[in-house]
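Note that this note's numbering has the sequence shown beginning at 0, numbered continuously upward.
Just so you know, even glycine gets a beta-carbon here, dropped at the ideal spot from N, CA and C.
Note that the structure is predicted; figures quoted are calculated from it, not measured.
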Amino acid sequence: MSDILFERTQLVPLTSLKTYDKNPRKGNVKAIAESLKTNKQYRPIVVQKKSKKILAGNHTFKAAKELGWKEIAVVMVDVDDQEAARIVLADNRTNDLAEYDNTVLAELLGGLPEAAMGTGYSQDDIDLITSTVSSIAGEATTLTGLAIGDAMDAIRGTAIGPADLDDGLDADTGLATDSTTDTFESAQAELQGVLQLSDEAYFEMGLNPYDIPKIRKDMLVEALPEPLDTWGGPEASTDDGETTYIWNYGLASPTGLPFDRAILCFYTYDFKFEGWWEKPSYYTAKVINRGITMAITPDFSVWWDDPKTFQIYSIYRAQWFARYFQEAGVRVIPRAIMADTEAILSISWMGIPREAPVVSMSMQTMDKNSEKEMKAAATSLKANCDELKPEKMLIYGGNPAKGVCEKVNPLVDTEIIWVRNYAAVRRGVAFGNLDGIEGEKARKRAEKIDTDKAKKHRPGGLT
Numbered sequence: 000m001s002d003i004l005f006e007r008t009q010l011v012p013l014t015s016l017k018t019y020d021k022n023p024r025k026g027n028v029k030a031i032a033e034s035l036k037t038n039k040q041y042r043p044i045v046v047q048k049k050s051k052k053i054l055a056g057n058h059t060f061k062a063a064k065e066l067g068w069k070e071i072a073v074v075m076v077d078v079d080d081q082e083a084a085r086i087v088l089a090d091n092r093t094n095d096l097a098e099y100d101n102t103v104l105a106e107l108l109g110g111l112p113e114a115a116m117g118t119g120y121s122q123d124d125i126d127l128i129t130s131t132v133s134s135i136a137g138e139a140t141t142l143t144g145l146a147i148g149d150a151m152d153a154i155r156g157t158a159i160g161p162a163d164l165d166d167g168l169d170a171d172t173g174l175a176t177d178s179t180t181d182t183f184e185s186a187q188a189e190l191q192g193v194l195q196l197s198d199e200a201y202f203e204m205g206l207n208p209y210d211i212p213k214i215r216k217d218m219l220v221e222a223l224p225e226p227l228d229t230w231g232g233p234e235a236s237t238d239d240g241e242t243t244y245i246w247n248y249g250l251a252s253p254t255g256l257p258f259d260r261a262i263l264c265f266y267t268y269d270f271k272f273e274g275w276w277e278k279p280s281y282y283t284a285k286v287i288n289r290g291i292t293m294a295i296t297p298d299f300s301v302w303w304d305d306p307k308t309f310q311i312y313s314i315y316r317a318q319w320f321a322r323y324f325q326e327a328g329v330r331v332i333p334r335a336i337m338a339d340t341e342a343i344l345s346i347s348w349m350g351i352p353r354e355a356p357v358v359s360m361s362m363q364t365m366d367k368n369s370e371k372e373m374k375a376a377a378t379s380l381k382a383n384c385d386e387l388k389p390e391k392m393l394i395y396g397g398n399p400a401k402g403v404c405e406k407v408n409p410l411v412d413t414e415i416i417w418v419r420n421y422a423a424v425r426r427g428v429a430f431g432n433l434d435g436i437e438g439e440k441a442r443k444r445a446e447k448i449d450t451d452k453a454k455k456h457r458p459g460g461l462t
């Protein structure tokens, strides 16, 4: 008896086929339809000969039907019902047991001019995969025994923070379990400032209508270090022994980072640093142990279309952390935000000392093709400078942010300084260090990721 069950591929009318009534898989018909439109049908579906039930390819069949196809390529297998059930189970489960080498996956996606078209990966997925591969310093992460949806969730889980800061956390308790920090408390043994704080520290109340903590003026970063750049991970940044680096937690691998010349910041998606809010003393102790002495106020997002209560809560959390860092001995650069109303800007200024040496502001989400959003960014920047009156305003962003800085700088007394963001530093690196035409294509793909991300998260988002 042959080990090959089918004989030949044939075209049959869609109306002659039936879906398998006990198929356990719930596929993404929309994604498959997109693939069929882009890539055509590149493999036949498997059909039980006697019943005309589809054993493998049920969702391909449904997608073809949605697209209005009349025929589809199939192979018929002459099996009984029990054998048919085994084929259905095996087809689904063997896919589940596949592994992903994310380094190779990132390279494969990076080699396509329009990787989000017809592959089943969204542009956000591609951006997440490439940034995750970068954040773990090029070490491939293999995800075993996961379907693609679960694999993407697992990738998202790895991106929450640099692994070497999270190493040793017990999955159930969240307590440190590595050889140097046997308990939560012993992780902080040498950090008296942090040790005296609990995870539920409260600061002075009644200083403003919303009890937003006041940032201490005596614990501000006294001057903006020079030269200054953003740390892009070991592939994109090499320490020159002189530069101070903005280290974006949750994005850039700290391998090779000079912590004593680093400014901790959180200019990324909130989910990547939410763990800090749950266990502030643990994470603060970790970075201080590494040598961090400066930080920018964590940038909890203030979404323009959120209820005002949520906006105020984000501002509160940001200011709370700034004060918490100061009490732990870390000097702080206050952050300013973009906002669409003067009312929210006014609340965001509560607790920030006027005439600080440096205030920082992130500009990563406005659409450079939207006149309204570019104007809102410029208006917010000018308002922050006029109200807070810092000596220097540090703007973190890409080329659109640079353009806003150049426009506003002559209009204010504050010196506005632009520093390129993580995406700009890493442009092209996530897709391989390519030269010539391929390098230019990679840079354009990276620019498209920046644009798509801005469109998705406007009009407030990662302020």
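Any idea if residue i is buried or exposed, counting beta-carbon neighbours within 10 angstroms, 16 or more meaning buried?
{"i": "M349", "result": "buried"}
{"i": "Q122", "result": "buried"}
{"i": "A261", "result": "buried"}
{"i": "G290", "result": "exposed"}
{"i": "G56", "result": "buried"}
{"i": "G396", "result": "buried"}
{"i": "A327", "result": "buried"}
{"i": "T267", "result": "buried"}
{"i": "N368", "result": "exposed"}
{"i": "S345", "result": "exposed"}
{"i": "E6", "result": "exposed"}
{"i": "T490", "result": "Look at the range of the chain in this structure, 0 to 462, and you will see that residue 490 is not part of it."}
{"i": "L410", "result": "exposed"}
{"i": "L256", "result": "buried"}
{"i": "R316", "result": "buried"}
Rounded to the nearest angstrom, what separates residue i and residue j at their Cα positions?
{"i": "G26", "j": "P233", "result": "39 Å"}
{"i": "S15", "j": "I53", "result": "11 Å"}
{"i": "A377", "j": "I394", "result": "12 Å"}
{"i": "I311", "j": "L104", "result": "40 Å"}
{"i": "I86", "j": "T8", "result": "18 Å"}
{"i": "A162", "j": "Y281", "result": "The predicted model places A162 with a pLDDT of 38, which falls under 50 and marks its position as unreliable, so this point remains unresolved."}
{"i": "A32", "j": "R42", "result": "14 Å"}
{"i": "K49", "j": "E82", "result": "12 Å"}
{"i": "N94", "j": "A321", "result": "47 Å"}
{"i": "P224", "j": "P253", "result": "19 Å"}
{"i": "T292", "j": "S34", "result": "50 Å"}
{"i": "K51", "j": "L88", "result": "18 Å"}
{"i": "D80", "j": "Q47", "result": "9 Å"}
{"i": "E405", "j": "W319", "result": "32 Å"}
{"i": "V78", "j": "L66", "result": "30 Å"}
{"i": "R215", "j": "A422", "result": "32 Å"}
{"i": "D20", "j": "A84", "result": "11 Å"}
{"i": "L4", "j": "I125", "result": "37 Å"}
{"i": "L387", "j": "V358", "result": "8 Å"}
{"i": "T364", "j": "L206", "result": "32 Å"}
{"i": "D181", "j": "N288", "result": "Bear in mind that the predicted position of D181 carries a pLDDT of just 38, short of 50, making it unreliable; the figure below should be weighed with that in mind. Roughly 15 Å between the two C-alpha positions."}
{"i": "I211", "j": "A235", "result": "38 Å"}
{"i": "E437", "j": "G231", "result": "Here E437 scores only 46 on pLDDT, less than 50, and its place in the model should not be relied on; the value that follows carries that caveat. When rounded, the distance between both Cα atoms is 21 Å."}
{"i": "F299", "j": "F270", "result": "10 Å"}
{"i": "L10", "j": "T102", "result": "38 Å"}
{"i": "L96", "j": "L107", "result": "21 Å"}
{"i": "T18", "j": "Y323", "result": "59 Å"}
{"i": "D100", "j": "G119", "result": "17 Å"}
{"i": "A62", "j": "P112", "result": "25 Å"}
I'd like the span of the beta strand (DSSP E) that includes residue i, first residue to last.
{"i": "L96", "result": "Neither: L96 is in no beta strand (DSSP E) and is coded neither H nor E."}
{"i": "K391", "result": "K391 to G396"}
{"i": "N247", "result": "T243 to N247"}
{"i": "E221", "result": "No beta strand (DSSP E) holds E221; DSSP gives it neither H nor E."}
{"i": "V331", "result": "R330 to I332"}
{"i": "M360", "result": "V357 to M362"}
{"i": "L10", "result": "T8 to P12"}
{"i": "E70", "result": "E70 to V76"}
{"i": "T229", "result": "L227 to T229"}
{"i": "V45", "result": "I44 to Q47"}
Output the boundary residues of the alpha helix (DSSP H) element that contains residue i.
{"i": "T37", "result": "V28 to N38"}
{"i": "R425", "result": "Y421 to R425"}
{"i": "R372", "result": "The identity of residue 372 in the sequence shown is Glu, whereas the question assumes Arg. It spans E370 to L387 - the alpha helix (DSSP H) in which E372 sits, taken as one unbroken run."}
{"i": "I343", "result": "E341 to S347"}
{"i": "N57", "result": "N57 to E65"}
Hey, residue i and residue j are a contact pair by Cβ (cut 8 Å); roughly how many whole angstroms apart?
{"i": "C264", "j": "A294", "result": "7 Å"}
{"i": "T37", "j": "G109", "result": "Not quite, the Cβ-Cβ distance comes to about 18 Å (not below 8 Å), so this is no contact."}
{"i": "V424", "j": "L380", "result": "Going by Cβ atoms, the distance from V424 to L380 rounds to 22 Å, so no, they are not a contact pair."}
{"i": "P356", "j": "L219", "result": "6 Å"}
{"i": "G335", "j": "N383", "result": "Note that residue 335 is Ala in the sequence shown here, rather than Gly. Yes, A335 and N383 are in contact; Cβ-Cβ is about 4 Å, under 8 Å."}
{"i": "N420", "j": "T229", "result": "6 Å"}
{"i": "V329", "j": "I314", "result": "Contact flag wrong, Cβ pair sits at about 20 Å."}
{"i": "V76", "j": "I44", "result": "With 8 Å as the limit, V76 and I44 do not qualify as a contact, their Cβ atoms being about 11 Å apart."}
For chain D, find out if any of its Cβ atoms is closer than 7 Å to the Cβ of residue i; answer yes or no.
{"i": "D2", "result": "In the displayed structure, chain D is absent; only one protein chain is listed."}
Taking only runs that begin and end inside the segment 265 to 319, name each unbroken beta strand (DSSP E) of 3 or more residues, in chain order. 293 to 295
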